[in-house]
Amino acid sequence: MALWNLGSINADHFYRLDHIPAPGETILSGGLSTGLGGKGANMSVAAARAGGRVAHIGAVGRDGQWAIDRLTEYGVDTRPIAKLDAPTGHAIIMLDPQGENAIIVHPGANEAIGEDQIGLALSEAAQGDMLVMQNETNAQAFSAETGSKLGLRVAYAAAPFDADAVRAVLPFIDVLVLNEIEMSQLQAATGLNPSAEMGVATVVVTKGEKGCTLYDQSNGWAAQDFPAIKVDPVDTTGAGDTFTGYFLAGLDRGASNTEAIELAIKASALMVTRQGTADVIPDLKDVLDWQPGAA
Numbered sequence: 001m002a003l004w005n006l007g008s009i010n011a012d013h014f015y016r017l018d019h020i021p022a023p024g025e026t027i028l029s030g031g032l033s034t035g036l037g038g039k040g041a042n043m044s045v046a047a048a049r050a051g052g053r054v055a056h057i058g059a060v061g062r063d064g065q066w067a068i069d070r071l072t073e074y075g076v077d078t079r080p081i082a083k084l085d086a087p088t089g090h091a092i093i094m095l096d097p098q099g100e101n102a103i104i105v106h107p108g109a110n111e112a113i114g115e116d117q118i119g120l121a122l123s124e125a126a127q128g129d130m131l132v133m134q135n136e137t138n139a140q141a142f143s144a145e146t147g148s149k150l151g152l153r154v155a156y157a158a159a160p161f162d163a164d165a166v167r168a169v170l171p172f173i174d175v176l177v178l179n180e181i182e183m184s185q186l187q188a189a190t191g192l193n194p195s196a197e198m199g200v201a202t203v204v205v206t207k208g209e210k211g212c213t214l215y216d217q218s219n220g221w222a223a224q225d226f227p228a229i230k231v232d233p234v235d236t237t238g239a240g241d242t243f244t245g246y247f248l249a250g251l252d253r254g255a256s257n258t259e260a261i262e263l264a265i266k267a268s269a270l271m272v273t274r275q276g277t278a279d280v281i282p283d284l285k286d287v288l289d290w291q292p293g294a295a
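If you count the sequence shown from 1, position 276 lands on 276 in UniProt numbering, and the numbers rise without skipping.
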């Protein structure tokens, strides 16, 4: 099996700050670093490092070859990535000493991906492969419907949350991953709770340091809670993407929802002990060998 990811590719610029600035406040940064990011790229790297076969469908600007090279280095099939006459997407990430962040994203080429490009990539997918997308690109609804018609298992990470985007893809998706704020926004926008009525077979709600909750038909749609692993966070950026990439790679390998979630929780916990995004996502050996709390 393989995982096809319609996802964003960004240059992430990290600014270390004493605190996240208030409106109208100007403060000095104590440090700056730049690396590969974007929710899509993060998920592709996480899934590849979890042992999955991953092809990334996306776009960069003419200046974005470095990002393609980096994804290739991390084991991602980058042939479906286009170079367009638009700037490569980028993000400004403000980090405080507790590892919390505030993020500004400029989509750039991520919002100029063509349906023909997506269709050509998915023509190589096999029935039973998995397709995942987020809300940092265009053409999610087209991709979800196309993937569903091709017999792919369609997954959706509903971030950044957009009610119209969710409504457009909901009829076609099999797996939904979102955080508890996004779940509240979805309920407010649609009136739907995780249940047979929603029409999504598997719903996972992530809750940061509180772990996550699984809803699926196997347990009659009752909430199944999974605790987080307690760590001292250095940087929470990319932790949710790491969770999603590991979770979907697990499902693609045939793991149960529970097995995939338990590994994803461990991977995301290890991730928040590291500073950065795609470049520091742990590989499967790191995750399996890691003993939380060990010196």
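Every residue, glycine too, gets a C-beta built ideally from N, C-alpha and C.
Buried versus exposed, by CB contacts within 10 Å (16 or more), residue i
i	result
Ala295	Note that Ala295 has pLDDT 43, beneath the 50 cutoff, so the model's placement of it is unreliable and no number is given.
Asn10	buried
Gly240	buried
Lys230	exposed
Ala222	exposed
Arg274	buried
Asp164	exposed
Gly89	buried
Ile68	buried
Pro227	exposed
Asp12	buried
Asp77	buried
Glu182	buried
Arg49	buried
Top-ranked residue by Cα proximity to residue i, from the options
i	options	result
Asp63	Lys83, Leu3 and Val54	Lys83
Arg153	Gly35, Leu248 and Asp18	Leu248
Glu180	Ser218, Asp225 and Glu197	Asp225
Asn138	Thr206, Lys266 and Gly40	Gly40
Leu131	Arg49, Val287, Ala46 and Ile57	Ile57
Asp129	Gly208, Val54, Lys266 and Asn42	Val54
Asp232	Glu197, Ile173, Glu262 and Pro292	Pro292
Asp216	Pro194, Gly208 and Glu209	Pro194
Glu209	Leu251, Ser268, Ala196 and Val200	Ser268
Ala155	Asn42, Glu115 and Val200	Val200
Gln127	Glu262, Met1, Thr213 and Leu251	Met1
Under 8 Å between C-beta atoms of residue i and residue j
i	j	result
Ala158	Asn135	yes
Gly238	Thr277	yes
Gly30	Arg16	yes
Gly61	Ala109	yes
Ala141	Ala59	no
Phe161	Gln187	no
Val204	Ala189	no
Ile92	Ile104	yes
Separation of residue j from residue i, as counted between CA atoms
i	j	result
Gly51	Leu192	34 Å
Leu284	Leu150	30 Å
Ala125	Trp4	8 Å
Gly211	Arg253	23 Å
Val287	Glu25	40 Å
Thr242	Asp235	13 Å
Ser44	Val177	15 Å
Val175	Ser123	21 Å
Ala86	Lys266	37 Å
Ala196	Ile27	49 Å
Asp289	Val272	16 Å
Met133	Asn42	12 Å
Ala264	Thr206	11 Å
Gly220	Glu262	20 Å
Glu115	Pro171	19 Å
Trp66	Gly250	28 Å
Arg79	Thr244	22 Å
Residue-level contact to chain C via CB, residue i, 8 Å cutoff
i	result
Gly31	No chain C appears in this structure, which consists of one protein chain only.
inquiry  = Could you check whether the segment 138-148 touches the segment 116-125, counting it as contact only if at least three pairs of C-beta atoms, one from each stretch, sit closer than 8 Å?
reply    = yes
message = Measuring CB atoms only, is the segment 66-77 touching the segment 92-104, in the sense that at least three cross pairs come out at less than 8 Å?
response = no
ask   = Are there three or more Cβ pairs, one per stretch, closer than 8 Å when the segment 254-261 is compared with the segment 10-26?
value = no
ask   = Counting pairs of beta carbons, one from the segment 266-281 and one from the segment 32-47, are three or more of them closer than 8 Å?
value = yes
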